[in-house]
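Peer 1:
Protein chains: 2
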Amino acid sequence: MNIREILEHPHVWLAEGAEASVAISSRIRLARNLSDAAFPGWAGEEERVRVWEHLRSVLSRLPAMEGAVFAGNDELTEMDRFLLFERHLISREHAGRGRGSGIVLRPDESVVIMVNEEDHLRMQALSAGLRLSDAWQAIDTVDSQLDAKVSYAFSPRWGYLTACPSNVGTGLRASVMLHLPGLALMEEIGPLVKGVSKIGLTVRGLWGEGTDAHGHMFQISNQVTLGEREEDIIRNLEQIVSEIIGHEQNARGRLWRDRRAVLLDHVGRAAGILANAHILSSREALDLLSVLRLGMDMGILSGVSRSDVQKLMLVSQPAHLQWHEGRPLESFERDQARAALVRGVLATVLGAVKRGRRKKK
Amino acid sequence: MNIREILEHPHVWLAEGAEASVAISSRIRLARNLSDAAFPGWAGEEERVRVWEHLRSVLSRLPAMEGAVFAGNDELTEMDRFLLFERHLISREHAGRGRGSGIVLRPDESVVIMVNEEDHLRMQALSAGLRLSDAWQAIDTVDSQLDAKVSYAFSPRWGYLTACPSNVGTGLRASVMLHLPGLALMEEIGPLVKGVSKIGLTVRGLWGEGTDAHGHMFQISNQVTLGEREEDIIRNLEQIVSEIIGHEQNARGRLWRDRRAVLLDHVGRAAGILANAHILSSREALDLLSVLRLGMDMGILSGVSRSDVQKLMLVSQPAHLQWHEGRPLESFERDQARAALVRGVLATVLGAVKRGRRKKK
Numbered sequence: 203m204n205i206r207e208i209l210e211h212p213h214v215w216l217a218e219g220a221e222a223s224v225a226i227s228s229r230i231r232l233a234r235n236l237s238d239a240a241f242p243g244w245a246g247e248e249e250r251v252r253v254w255e256h257l258r259s260v261l262s263r264l265p266a267m268e269g270a271v272f273a274g275n276d277e278l279t280e281m282d283r284f285l286l287f288e289r290h291l292i293s294r295e296h297a298g299r300g301r302g303s304g305i306v307l308r309p310d311e312s313v314v315i316m317v318n319e320e321d322h323l324r325m326q327a328l329s330a331g332l333r334l335s336d337a338w339q340a341i342d343t344v345d346s347q348l349d350a351k352v353s354y355a356f357s358p359r360w361g362y363l364t365a366c367p368s369n370v371g372t373g374l375r376a377s378v379m380l381h382l383p384g385l386a387l388m389e390e391i392g393p394l395v396k397g398v399s400k401i402g403l404t405v406r407g408l409w410g411e412g413t414d415a416h417g418h419m420f421q422i423s424n425q426v427t428l429g430e431r432e433e434d435i436i437r438n439l440e441q442i443v444s445e446i447i448g449h450e451q452n453a454r455g456r457l458w459r460d461r462r463a464v465l466l467d468h469v470g471r472a473a474g475i476l477a478n479a480h481i482l483s484s485r486e487a488l489d490l491l492s493v494l495r496l497g498m499d500m501g502i503l504s505g506v507s508r509s510d511v512q513k514l515m516l517v518s519q520p521a522h523l524q525w526h527e528g529r530p531l532e533s534f535e536r537d538q539a540r541a542a543l544v545r546g547v548l549a550t551v552l553g554a555v556k557r558g559r560r561k562k563k
Numbered sequence: 203m204n205i206r207e208i209l210e211h212p213h214v215w216l217a218e219g220a221e222a223s224v225a226i227s228s229r230i231r232l233a234r235n236l237s238d239a240a241f242p243g244w245a246g247e248e249e250r251v252r253v254w255e256h257l258r259s260v261l262s263r264l265p266a267m268e269g270a271v272f273a274g275n276d277e278l279t280e281m282d283r284f285l286l287f288e289r290h291l292i293s294r295e296h297a298g299r300g301r302g303s304g305i306v307l308r309p310d311e312s313v314v315i316m317v318n319e320e321d322h323l324r325m326q327a328l329s330a331g332l333r334l335s336d337a338w339q340a341i342d343t344v345d346s347q348l349d350a351k352v353s354y355a356f357s358p359r360w361g362y363l364t365a366c367p368s369n370v371g372t373g374l375r376a377s378v379m380l381h382l383p384g385l386a387l388m389e390e391i392g393p394l395v396k397g398v399s400k401i402g403l404t405v406r407g408l409w410g411e412g413t414d415a416h417g418h419m420f421q422i423s424n425q426v427t428l429g430e431r432e433e434d435i436i437r438n439l440e441q442i443v444s445e446i447i448g449h450e451q452n453a454r455g456r457l458w459r460d461r462r463a464v465l466l467d468h469v470g471r472a473a474g475i476l477a478n479a480h481i482l483s484s485r486e487a488l489d490l491l492s493v494l495r496l497g498m499d500m501g502i503l504s505g506v507s508r509s510d511v512q513k514l515m516l517v518s519q520p521a522h523l524q525w526h527e528g529r530p531l532e533s534f535e536r537d538q539a540r541a542a543l544v545r546g547v548l549a550t551v552l553g554a555v556k557r558g559r560r561k562k563k
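Protein chains in written order, with the numbering used here: chain A, 203 to 563; chain B, 203 to 563.
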C-alpha cells in the first residue's frame with residue numbers, strides 16, 4: 203500500500219464519533235528530537251537525509267506502526283503533499299519541504315509522523331469526535347516504543363527539548379476541531395474565544411491561521427506544554443471542550459426557539475445554492491456545507507448524510523478537487539468543477555432546479 | 203365593479219405582448235388642465251373638490267371611458283392607493299393625496315386617469331409589450347372626446363399648459379418598461395444610459411426614481427414635449443427601443459456563448475434561493491425573480507411560466523403582500539410572508555429542499 207492508495211479511502215474524519223454533531227475530531231501531537239543530531243533547522247541536507255533514513259528504519263520495525271507506509275517528501279509530488287495537508291495529516295510547512303523530510307502514515311490515518319518538519323519528529327494521533335484519551339493512548343504507545351529505540355533530546359529540568367520554546371516540556375499539543383455554527387449564527391463566538399484564551403487555551407480556524415472561521419470550524423488546543431502532566435492537559439481540554447459543546451447545543455436550541463426564520467433561511471439558502479450554483483469558491487463551499495451540516499444535525503434537512511457533507515468539505519478543497527478531476531485546474535475551472543461536483547452529489551438528494559433546453563433564437 | 207374588484211384581476215402587464223421577453227409594457231401619458239380653474243397646486247381644497255366632481259361627471263358620460271370605475275382618493279384606504287401605485291397605475295405622489303383628488307380606471311387597467319395630481323388631468327394608456335401606437339390610439343381617443351366637453355388650458359404659441367414647464371406643449375410622455383438583465387450582467391447598462399440620454403431620452407428605474415435598477419427593469423421615455431408632433435415623439439421612441447431590444451438580445455446571446463457558467467450560476471442561484479429562502483426583502487425578491495425570468499426566457503429553466511414570475515414580482519411588493527395576507531405586516535413579517543409566498547409558488551415547479559422533522563434533543 204502507498205500514500206495514494208490511502209488517500210482513496212475515507213478519511214478518519216468521516217467516521218461518526220462521540221458528540222459528532224459538534225466535535226469533528228480529536229488530535230494529540232508530540233514533538234520529539236533526537237539527542238545525537240542537529241535540529242532540522244540547523245542541520246544540512248545530508249544530515250537531514252541521514253536522520254530520515256535512520257528513523258524510517260527504526261519506525262518500520264516498531265510494533266505500533268505495523269503496516270504503516272513511508273514516503274520521503276521527495277518521493278511524493280507537490281499535489282500528494284497538498285492532499286495530505288488538506289486532510290490535516292501534515293502541516294502546510296511540511297507540505298512545502300523536499301528531500302530529507304518524510305511522512306509515516308498508518309493506513310487508517312489514525313497516526314501520522316512527520317520527520318524533519320520543525321522538529322525531528324512530529325507524531326500525531328487523530329480520532330473522530332471527542333476522543334482525546336483514545337488519541338493519547340495511541341500516540342503514547344508509539345512514543346514509548348520509539349523511546350526504547352532512539353535517544354530523545356531530553357533535559358531532566360525542562361523535559362523534551364524542541365525547536366520552538368513553546369513546545370518544550372511535554373512537547374504535547376492536544377486539540378479538538380469543533381463545528382460551532384450555532385454560536386456563530388448567534389454571534390457568540392467572540393466572547394467564547396475571549397473566555398477560552400483566559401484559561402490558557404488557544405482558538406484557531408480550520409487551517410490554523412488566526413481565528414478566521416472557515417466553515418464555522420474552530421480548533422481548541424492547549425497553549426502550555428511546560429509544567430503540567432500530559433493527562434492533566436488532556437483532561438482539562440476535554441472538560442472545557444465538553445462545556446463548549448454544551449454552549450453550542452444550547453445556541454442551536456435558542457436558534458430553533460427564538461430565531462427559527464433566520465435559521466431556516468440560512469439552511470434553505472445554503473441547500474438551494476449548493477444544489478444549483480455553477481461557480482463555487484472553496485471558501486463559499488465550506489461555509490455553505492457547514493450550514494447544510496447544521497441543518498442536517500438539527501433534523502431540518504433530510505436526504506443528506508453527515509458523511510456526504512464531510513466528504514464534500516474535503517473533496518472541494520483545491521488539491522483534492524484537482525486529484526478528483528485528474529488534472530491541474532486554473533482557479534476559475536476549479537470553481538466550476540467544485541460546483542459541478544457538489545451539484546452532482548446534492549442535486550439528487552436536495553432539490554435541483556429543473557433545466558430546460560435552450561430554445562433556438 | 204369597484205377598484206378592489208379590479209385589483210383581483212390579472213394586471214395588464216401579465217399579458218404577453220410583442221417582444222415580450224424584453225419589453226414589459228408601453229405607456230403614453232397626457233397632462234391636461236382646465237382653463238377655468240386654478241391648477242391643483244394653487245387651488246384650495248374646495249376648488250379641487252369642485253374640479254374632481256365636474257370631471258367625474260364628464261368622464262362618466264364619455265364613450266371611451268364606458269364601464270370605468272371612479273373613486274375619490276378619500277373613498278380609498280391608504281393601502282388601496284398603494285396597491286394602485288405598485289401596479290404602476292398612479293404615481294407615488296397621487297397615492298399620498300386625499301380629498302379633492304380622484305382616480306378613474308377602465309376595468310382592464312388599459313386606461314387610468316388621475317384627477318388633481320400635479321395637473322387637473324393625468325391620463326395614461328398602458329399596453330403589454332412594445333405597443334406604443336395602441337396606447338397612443340387609446341389615450342388620443344379619450345383626449346379628443348374630452349376636448350369636446352371641457353375647455354383645456356391651451357396656448358396657440360406653447361400648446362397645452364401644465365403645472366411643470368417640462369410638460370408644456372404636447373403634455374405627452376411616452377415610455378417603455380424594458381427588462382435588461384443581459385446588458386446588466388454584461389455590465390453594459392452604463393454606456394446605454396449615456397447614449398440614450400444624448401439623443402433626448404431619459405432612463406429611469408422601475409419606480410421612476412433615478413436609475414436604480416430594481417429587477418434589471420428600466421423605463422425609457424421622451425424628455426422633450428415641446429416642438430415635436432406626438433406621432434414623431436412616439437415613432438422616435440419606438441425606434442430607439444427596438445434597437446435597445448436588439449442590444450439586449452445580442453447581450454443574452456453573448457452571455458450564452460462567452461460567459462455560460464456565469465449565466466447558469468446566476469440563474470441557478472436565483473432559483474435555488476427563491477425556492478428555499480425563508481426571509482426575502484422586496485428588493486432581493488425582485489432582483490432574483492428578474493434573473494429567473496431571464497433563465498426562463500432563455501430556455502434554461504423549465505416548469506415556470508412568465509406569468510408566474512410577473513405575478514410574483516407584483517404580489518411580492520409590500521402593499522400587495524399585505525393585501526394577499528389580509529392584514530398589515532411589520533417589515534420582518536413581510537420578509538417572511540414574501541418568502542413563504544414565493545416558495546409556495548416556486549417550490550413545486552422548481553426544486554425545493556427536502557425538509558426533515560426536528561429530532562428530539
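Glycine included, each C-beta is placed from N, C-alpha and C at the ideal position.
Compute the Euclidean distance between the alpha carbons of residue 506 of chain A and residue 536 of chain B, then round it to the nearest angstrom.
Peer 2: The count along the first sequence starts at 1 and reaches residue 506 of chain A at position 304. The count along the second sequence starts at 1 and reaches residue 536 of chain B at position 334. Distance between the alpha carbons of residue 506 of chain A and residue 536 of chain B is about 31 Å.
Peer 1: Could you tell me which chain B residues have their CB closer than 7 Å to the CB of residue 473 of chain A, listed as they occur along the chain?
Peer 2: As a working mapping, residue 473 of chain A is identified with position 271 in the first sequence. By Cβ distance, chain B contributes 478 and 555.
Peer 1: Which word fits residue 238 of chain B, buried or exposed, when buried means at least 16 other C-beta atoms lie within 10 angstroms of its C-beta?
Peer 2: Position 36 of the second sequence holds residue 238 of chain B. So residue 238 of chain B counts as exposed.
Peer 1: Could you name the residues that DSSP lists as bridge partners for residue 357 of chain A?
Peer 2: As a position in the first sequence, residue 357 of chain A is number 155, starting the count at 1. A:361, per the DSSP bridge assignment.
Peer 1: Hey, out of B:459, B:543, B:493 and B:531, whose CA is closest to residue 517 of chain B's CA?
Peer 2: What you label residue 517 of chain B is simply residue 315 of the second sequence in a count that begins at 1. Of the candidates B:459, B:543, B:493 and B:531, the one whose C-alpha sits nearest the C-alpha of residue 517 of chain B is B:543.
Peer 1: Which runs of the beta strand (DSSP E), 3 residues or longer, sit entirely within the segment 383-463 of chain A?
Peer 2: Complete beta strand (DSSP E) runs here, min 3: 403-407 and 419-424.
Peer 1: Within 10 angstroms of its Cβ, does residue 526 of chain B collect 16 or more other Cβ (buried), or is it exposed?
Peer 2: As a working note, residue 526 of chain B is residue 324 in the second sequence. Result: exposed.
Peer 1: Rounded to whole angstroms, what is the Cα-Cα separation between residue 471 of chain B and residue 371 of chain A?
Peer 2: If you number the second sequence from 1, residue 471 of chain B lands on position 269. If you number the first sequence from 1, residue 371 of chain A lands on position 169. Approximately 52 Å, taken between the alpha carbons.
Peer 1: Residue 223 of chain B: which of B:311, B:546, B:511 and B:440 sits nearest, CA to CA?
Peer 2: For the purposes of this step, residue 223 of chain B is identified with residue 21 of the second sequence, where counting begins at 1. For the residues B:311, B:546, B:511 and B:440, the minimum Cα distance to residue 223 of chain B belongs to B:511.
Peer 1: Counting only beta-carbon separations shorter than 8 Å, does residue 523 of chain A have a partner in chain B?
Peer 2: For the purposes of this step, residue 523 of chain A is taken as the residue at position 321 of the first sequence. It does not; no Cβ of chain B falls within 8 Å.
Peer 1: Beta-carbon within less than 6 Å of residue 165 of chain B's beta-carbon, same chain only, minus the 5 sequence neighbours each way: which residues are those?
Peer 2: Shown here, chain B extends from 203 to 563; a query on residue 165 of chain B therefore has no answer.
Peer 1: Thinking just about the alpha-carbon of each residue, which of B:330, B:534, B:386 and B:430 is nearest to the one in residue 461 of chain A?
Peer 2: Residue mapping note: residue 461 of chain A aligns to position 259 of the first sequence, counting from 1. For the residues B:330, B:534, B:386 and B:430, the minimum Cα distance to residue 461 of chain A belongs to B:534.
Peer 1: Within the 8 Å Cβ cut-off, does residue 464 of chain B reach chain A?
Peer 2: Walking along the second sequence from the start, residue 464 of chain B turns up at place 262. Answer yes: the Cβ-Cβ gap between residue 464 of chain B and chain A drops below 8 Å somewhere.
Peer 1: For residue 470 of chain A, go through chain B and note every residue whose CB falls closer than 7 Å to its CB, in chain order.
Peer 2: The residue labelled residue 470 of chain A in the question sits at position 268 within the first sequence. Near residue 470 of chain A (Cβ distances below 7 Å), the residues of chain B are 478, 479, 480 and 555.
Peer 1: Going by the DSSP bridge assignment, what does residue 326 of chain B pair with across the sheet?
Peer 2: For the purposes of this step, residue 326 of chain B is identified with residue 124 of the second sequence, where counting begins at 1. DSSP output for residue 326 of chain B lists B:231 and B:314 as bridge partner(s).
Peer 1: Would you identify the three-state DSSP class for residue 240 of chain B, choosing helix, strand or coil?
Peer 2: For the purposes of this step, residue 240 of chain B is identified with residue 38 of the second sequence, where counting begins at 1. Three-state result, residue 240 of chain B: coil.
Peer 1: Within the same chain, show all residues whose beta-carbon is closer than 7 Å to that of residue 385 of chain A, passing over the 5 residues directly before and after it, in chain order.
Peer 2: For this step, residue 385 of chain A is matched to residue 183 along the first sequence. For residue 385 of chain A, where only same-chain residues beyond five positions count, the Cβ hits under 7 Å are 391, 394, 449, 450 and 453.
Peer 1: Since residue 377 of chain A is in the beta strand (DSSP E), which residue starts that stretch and which ends it?
Peer 2: Position 175 of the first sequence, counting from 1, holds the residue named residue 377 of chain A. Note, residue 377 of chain A: beta strand (DSSP E), 374-381.
Peer 1: Anything in chain B within Cβ reach of residue 457 of chain A, meaning under 8 Å, just list it in chain order.
Peer 2: Here residue 457 of chain A refers to the residue found at position 255 when the first sequence is read from its first residue. Near residue 457 of chain A there are no residues of chain B at all, since even the closest Cβ is about 11 Å away, more than 8 Å.
Peer 1: Which same chain residues, not among the five before or five after residue 447 of chain A, have their C-beta less than 8 Å away from its C-beta?
Peer 2: Taking the first sequence and counting its residues from 1, the one referred to as residue 447 of chain A is at position 245. So the qualifying residues of the chain are 221, 224, 225, 332 and 380.
Peer 1: Tell me the DSSP secondary structure of residue 481 of chain A in three-state form.
Peer 2: Here the question's residue 481 of chain A lines up with position 279 in the first sequence. Here residue 481 of chain A sits in coil by DSSP.
Peer 1: Taking the alpha-carbon positions, what's the residue 232 of chain B to residue 341 of chain B distance?
Peer 2: For this step, residue 232 of chain B is matched to residue 30 along the second sequence. For this step, residue 341 of chain B is matched to residue 139 along the second sequence. About 8 Å.
Peer 1: Quick check on this structure: which residue in B:209, B:552 and B:271 has the alpha carbon closest to the alpha carbon of residue 504 of chain B?
Peer 2: Translated into the one-based positions of the second sequence, residue 504 of chain B becomes position 302. The shortest C-alpha separation from residue 504 of chain B is found at B:552.
Peer 1: Residue 244 of chain B: buried (16+ other C-beta within 10 angstroms of its C-beta) or exposed?
Peer 2: By one-based count along the second sequence, residue 244 of chain B stands at place 42. Exposed, because fewer than 16 other Cβ atoms sit within 10 Å of the Cβ of residue 244 of chain B.
Peer 1: Kindly indicate which three-state DSSP category residue 501 of chain A falls into: helix, strand or coil?
Peer 2: For the purposes of this step, residue 501 of chain A is identified with residue 299 of the first sequence, where counting begins at 1. Reduced to three states, the DSSP call for residue 501 of chain A is coil.
Peer 1: Taking 8 Å as the threshold (C-beta atoms), are residue 323 of chain B and residue 229 of chain B in contact?
Peer 2: Mapped onto the second sequence, residue 229 of chain B falls at position 27. Mapped onto the second sequence, residue 323 of chain B falls at position 121. Cβ atoms of residue 229 of chain B and residue 323 of chain B: not closer than 8 Å.
Peer 1: Determine the extent of the beta strand (DSSP E) in which residue 304 of chain B is found, giving its start and end residues.
Peer 2: On the second sequence, position 102 is the one that residue 304 of chain B refers to. Counting along the chain, the beta strand (DSSP E) containing residue 304 of chain B begins and ends at 304-307.
Peer 1: Who are the Cβ neighbours of residue 296 of chain A in its own chain at under 7 Å, not counting the five residues just before and after it?
Peer 2: In the first sequence, residue 296 of chain A corresponds to position 94, counting from 1. Closer than 7 Å at Cβ, skipping near neighbours: 303, 316 and 319.
Peer 1: Counting only beta-carbon atoms, is residue 413 of chain A nearer than 8 Å to chain B?
Peer 2: If you number the first sequence from 1, residue 413 of chain A lands on position 211. Note that residue 413 of chain A has pLDDT 48, beneath the 50 cutoff, so the model's placement of it is unreliable and no number is given.
Peer 1: Just mark residue 441 of chain A as buried or exposed, buried being the case when its beta carbon has 16 or more other beta carbons within 10 Å.
Peer 2: Against the first sequence, residue 441 of chain A aligns to sequence position 239. Exposed, since its Cβ has fewer than 16 Cβ neighbours within 10 Å.
Peer 1: My understanding is that residue 545 of chain A touches residue 477 of chain A, with C-beta atoms under 8 Å, so please give their C-beta distance in whole angstroms.
Peer 2: Taking the first sequence and counting its residues from 1, the one referred to as residue 545 of chain A is at position 343. Taking the first sequence and counting its residues from 1, the one referred to as residue 477 of chain A is at position 275. About 6 Å; that satisfies the 8 Å criterion.
Peer 1: So, does the CB of residue 510 of chain A fall closer than 8 Å to a CB anywhere in chain B?
Peer 2: As a first step, residue 510 of chain A is located in the first sequence; it is residue number 308 there, counting from the start. It does not: the Cβ of residue 510 of chain A has no partner Cβ on chain B nearer than 8 Å.
Peer 1: Taking Cβ positions, are residue 307 of chain B and residue 291 of chain B nearer each other than 8 Å?
Peer 2: The residue labelled residue 307 of chain B in the question sits at position 105 within the second sequence. The residue labelled residue 291 of chain B in the question sits at position 89 within the second sequence. In contact: residue 307 of chain B and residue 291 of chain B (Cβ atoms closer than 8 Å).
Peer 1: Would the beta-carbon of residue 325 of chain A fall within 8 Å of that of residue 310 of chain A?
Peer 2: Here residue 325 of chain A is taken as the residue at index 123 of the first sequence, counted from 1. Here residue 310 of chain A is taken as the residue at index 108 of the first sequence, counted from 1. Result no, Cβ atoms of residue 325 of chain A and residue 310 of chain A do not sit closer than 8 Å.
Peer 1: Measuring CA to CA, which of B:490, B:519 and B:420 is closest to residue 406 of chain B?
Peer 2: Here residue 406 of chain B is taken as the residue at index 204 of the second sequence, counted from 1. Comparing Cα-Cα distances from residue 406 of chain B to each of B:490, B:519 and B:420, the minimum goes to B:420.
Peer 1: Quick check on residue 470 of chain A: does DSSP put it in helix, strand or coil?
Peer 2: Position 268 of the first sequence, counting from 1, holds the residue named residue 470 of chain A. It is helical.
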